[in-house]
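In what follows, a single structure is set out as structure tokens and then discussed.
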Amino acid sequence: MQNKQLRILHLEDLPTDAELVDRQLKKGNINYTSLVVSNRADYIKGLNEFEPDIILSDHSLPSFDSGDALRILKASGKNIPFVLVTATISEEYAVEVMREGANDYVLKDRLQRLPNAVLNAMEKWHIERERQKYLDEVVSNEALLKEAEHLAGFGSWQTDLMKGSSKWSNESYRILGLQPGEIEPSFENFLSHIHPEDRDFMMKTLEDAIQNKVSGHVTFRVIDKNGVVKYMRSEIVAERNEKNQTVRVTGINQDVTDIKRAERELQENVNQLKSAGERQNAILNTLPANIALLDERGNIVSVNEAWKKFATKNGSTMPNFGIGYNYIEVSKNAGGVDEVDGLRIAEGIQSVIGKKIDQFTMEYPCHAPAERRWFRVTVNPLSESANKGVVVMHINITERMLSQLEKDKITDDLIQRNRDLEQFAYIVSHNLRAPVANILGITEMMNTFSLTVSEEDEMKSELIVSVKKLDGVIKDLNHILQVKREVNEKREVVYLADILDDIKLSIRSLMTKEKVEIRSNFNRATNMVSLKSYVYSIFYNLIVNSIKYKQLDRPPVIRVESFVRNGKMVLEFEDNGIGIDLAKKGDQVFGLYKRFHLHQEGKGMGLYMVKTQVETLGGKISIESEVNKETKFTIEFEQ
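Quick note: the sequence shown uses the working numbering, first residue 34, plus one each step.
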């Protein structure tokens with residue numbers, strides 16, 4: 034109080050008395066500032082504007098006294114210490130003033146007591162204010178505790194074992210369906226509301242808390258006044274005295290009925306979800322397709338048994354069959370799948386997840402070293418309402434694809450046979466009929482007409498020429514038929530470099546004469562399983578053809594290369610010869626007896642035989658060529 038500057042409102046009409054009070058306060062080392070007023074109006078204004086910490090008041094003023102001043106203070110609602118400073122006053126009046134609310138009174142002839150009276154009044158006021166503040170907080174906290182108990186659904190209770198008395202909080206009553214004070218709070222009344230099946234258990238818990246002096250918590254059922262079964266969770270604390278005796282037992286009971294109900298519902302939902310998940314897994318595991326469930330980010334969250342078996346069989350290195358991995362990224366880097374197909378699958382998954390399309394489907398090859406395989410992948414949203422993920426199914430369509438390939442092969446064979454028949458019809462109608470007609474004509478002339486010796490010799494010569502032509506055509510037909518028959522011969526591993534070396538040796542003089550350069554690269558595919566005689570014939574005809582139709586002003590350069598592309602064995606033959614005008618003659622390149630350059634001898638059977646042998650081996654041949662530039666033959670064989 035010494036350090037704070039007090040604000041003193043002094044009610045006094047005599048300046049001399051005001052000075053005496055001022056002198057005495059200073060003498061008592063009171064740190065203050067004062068406002069002296071002498072009438073009602075200034076007094077009221079001082080209360081409102083000066084905001085005093087204490088009031089010193091003379092008893093009698095003109096038309097105004099200390100009683101009026103005290104009543105005005107009480108009416109204002111302000112809690113300010115009030116000390117009466119006056120001349121002689123009766124004891125009765127002094128008592129009355131103190132009863133009305135004055136803190137003290139000091140006679141003017143004893144002003145030396147004034148500093149202490151001021152300090153005591155301020156100290157008492159301070160103590161009273163703190164006490165009131167504490168009481169307000171207690172009341173507030175008690176109300177808050179009651180509200181908290183009500184909101185949280187818990188009530189407290191306490192039993193004094195020494196006095197044999199108990200008390201319950203209001204919420205403890207409400208939990209039992211009772212109004213506060215409706216029954217006497219006691220152990221017996223509390224236990225009477227416990228569910229019969231839980232009563233012994235609860236009694237044992239209480240006994241353990243009392244006898245063993247330990248705390249405990251327990252969940253049990255109670256039956257309230259209306260017969261409703263409720264669940265309560267109770268925390269029990271035993272209090273001991275200095276002799277280590279249990280003197281009080283305090284407990285907090287919380288109504289956890291809603292929590293228990295929610296737990297049951299949650300468990301039921303979990304059980305339902307578990308059952309639904311088990312049914313779903315059972316359904317998925319019966320399907321032969323490889324199935325994976327992906328979340329909205331493309332991560333694998335579940336796979337079926339078919340997926341697991343496929344992953345195990347194919348030596349997958351991803352732990353846990355890929356669960357937890359991002360399947361979009363896996364598809365982009367998938368092994369055994371064409372890079373373009375992997376990217377298309379990844380884009381398809383992203384499009385379905387992003388709701389750009391309703392479904393994605395594509396078929397793709399996924400060949401293993403020991404077998405050829407095809408799959409169809411379909412991507413569908415998991416649910417139309419949530420659409421938070423997708424289901425990916427890979428269905429093995431190898432049997433259908435092989436069947437389709439077989440049908441296509443049969444169709445191609447039928448088409449080829451039809452072409453062969455057309456070729457044979459052409460041979461029969463043109464190449465075979467002409468010499469036969471000549472033979473018949475000459476024979477008839479020799480039998481009909483009388484010929485001179487020279488005419489007869491000429492006829493015989495023409496007859497021999499026709500017979501030789503007929504024999505040549507028959508030999509060609511026999512050679513073609515031989516090609517068709519030999520396809521059933523035993524196949525073997527054919528090393529391409531050895532084939533080329535044999536051909537170089539057989540045409541060594543021709544290569545030397547024409548200064549032929551053959552550049553080969555078989556590093557990427559060194560061999561193939563086939564008919565060695567056919568491979569030799571294909572190489573021989575294409576190489577000799579390139580030498581035969583070389584540029585006149587430069588030596589021939591022939592490139593021969595082998596490699597694997599898209600699972601197929603590819604052979605390329607490229608030269609720098611005179612080329613062919615494919616725009617005009619492209620459909621005749623592989624025809625029988627078709628020749629495009631008359632400056633070289635030939636029958637027009639070389640390319641026909643190459644095509645026949647390639648197709649007989651199950652392959653395809655194509656040509657790229659420009660006049661006076663290069664010609665490239667590309668042959669593809671299924672592996």
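Cβ atoms here follow ideal geometry from the backbone N, Cα and C, with glycine treated the same way.
Just to check my reading of the structure: residue i and residue j have Cβ atoms closer than 8 Å, yes? What is that Cβ distance to the nearest angstrom?
i: residue 115; j: residue 149; result: Their Cβ separation, rounded to whole angstroms, is 16 Å, which puts residue 115 and residue 149 out of contact at 8 Å.
i: residue 103; j: residue 133; result: 5 Å
i: residue 83; j: residue 40; result: 6 Å
i: residue 386; j: residue 357; result: Not a contact, Cβ separation roughly 17 Å.
i: residue 653; j: residue 663; result: Not quite, the Cβ-Cβ distance comes to about 20 Å (not below 8 Å), so this is no contact.
i: residue 94; j: residue 54; result: About 15 Å separates the two Cβ atoms, so there is no contact after all.
i: residue 283; j: residue 272; result: 7 Å
i: residue 286; j: residue 188; result: 5 Å
i: residue 105; j: residue 76; result: 7 Å
Nearest CA to the CA of residue i: which residue from the options?
i: residue 594; options: 606, 600, 601; result: 606
i: residue 396; options: 276, 375, 414; result: 375
i: residue 435; options: 406, 411, 421, 447; result: 406
i: residue 197; options: 219, 372, 189; result: 219
i: residue 144; options: 59, 160, 129; result: 59
i: residue 226; options: 241, 243, 206; result: 206
i: residue 119; options: 188, 92, 163, 615; result: 92
i: residue 422; options: 294, 329, 484; result: 329
i: residue 257; options: 141, 409, 250, 288; result: 288
i: residue 539; options: 259, 576, 523; result: 576
i: residue 231; options: 51, 211, 265, 147; result: 265
i: residue 121; options: 141, 110, 440; result: 141
i: residue 648; options: 618, 663, 598, 568; result: 568
i: residue 202; options: 214, 441, 326; result: 214
i: residue 280; options: 195, 236, 570, 402; result: 195
i: residue 237; options: 364, 261, 492, 269; result: 269
i: residue 532; options: 489, 566, 431; result: 566
i: residue 64; options: 152, 106, 47; result: 152
i: residue 159; options: 37, 388, 45; result: 37
i: residue 617; options: 658, 50, 599, 216; result: 658
i: residue 415; options: 408, 425, 409; result: 425
i: residue 243; options: 487, 558, 191, 622; result: 191
With 8 Å as the threshold, decide whether the Cβ of residue i is near any Cβ in chain B.
i: residue 535; result: The displayed structure is made up of one protein chain only, and chain B is not part of it.
Between which residues of its own chain and residue i is the CB-CB distance below 8 Å, once the five residues before and five after are set aside?
i: residue 79; result: 42, 68, 70, 85
i: residue 633; result: With a pLDDT of only 47 at residue 633, under the threshold of 50, the placement of this residue in the model should not be trusted, and no figure is reported.
i: residue 574; result: 639, 640, 642, 643
i: residue 155; result: 34, 39, 86, 87, 114
Spatial neighbours of residue i within its chain, please: C-beta separation below 7 Å, excluding the five flanking residues on both sides.
i: residue 18; result: Given a span of 34 to 672 for the chain in the structure shown, any question on residue 18 remains unanswerable.
i: residue 526; result: 560, 562
i: residue 671; result: 601, 651
i: residue 211; result: 258
Kindly list the residues whose CB is nearer than 6 Å to the CB of residue i, restricted to its own chain and excluding five residues on each side of it in sequence; keep chain order.
i: residue 636; result: At residue 636, the pLDDT of 47 sits below 50, so the modelled position is not reliable and the matter cannot be decided from this model.
i: residue 130; result: 117
i: residue 529; result: 555, 595
i: residue 392; result: 413
i: residue 73; result: 97
i: residue 323; result: 339, 340, 343, 427
i: residue 667; result: 605, 655
i: residue 660; result: 612, 614
i: residue 172; result: In this predicted model, residue 172 has a pLDDT of only 47, less than 50, meaning its place in the structure is not dependable; the value taken from the coordinates is given anyway. No residues qualify anywhere along the chain.
i: residue 571; result: 643, 646
i: residue 199; result: 192, 218, 219
Report yes if the C-beta of residue i is less than 7 Å from at least one heavy atom of the ligand SAM; otherwise report no.
i: residue 489; result: No copy of the ligand SAM occurs in the structure displayed, which carries no ligand at all.
Stretch-stretch touch, CB-based, cutoff 8 Å, three pairs: the region 606-624 with the region 575-588: yes
Output the residue ranges of the alpha helix (DSSP H) runs that lie fully inside the region 119-164 and measure 4 residues or longer, sorted by chain position. 124-133
Within the chosen definition, does the region 587-599 reach the region 542-552 through at least 3 CB pairs nearer than 8 Å? yes
Fully enclosed by the region 349-390, which alpha helix (DSSP H) runs are 4 residues long or longer? You should have 360-365, 372-386.
For the region 234-259, which segments carrying the beta strand (DSSP E) assignment without a break, of at least 3 residues, lie completely within its bounds, in sequence order? 249-256
Segments assigned beta strand (DSSP E), at least 3 residues, entirely inside the region 533-578: 550-554, 560-563
Taking the runs of the beta strand (DSSP E) that are 3 residues or longer, which of them lie wholly in the region 260-308? 262-273, 279-288
Within the region 61-113, ranges of the beta strand (DSSP E) (whole runs, at least 3 residues): 65-70, 87-90
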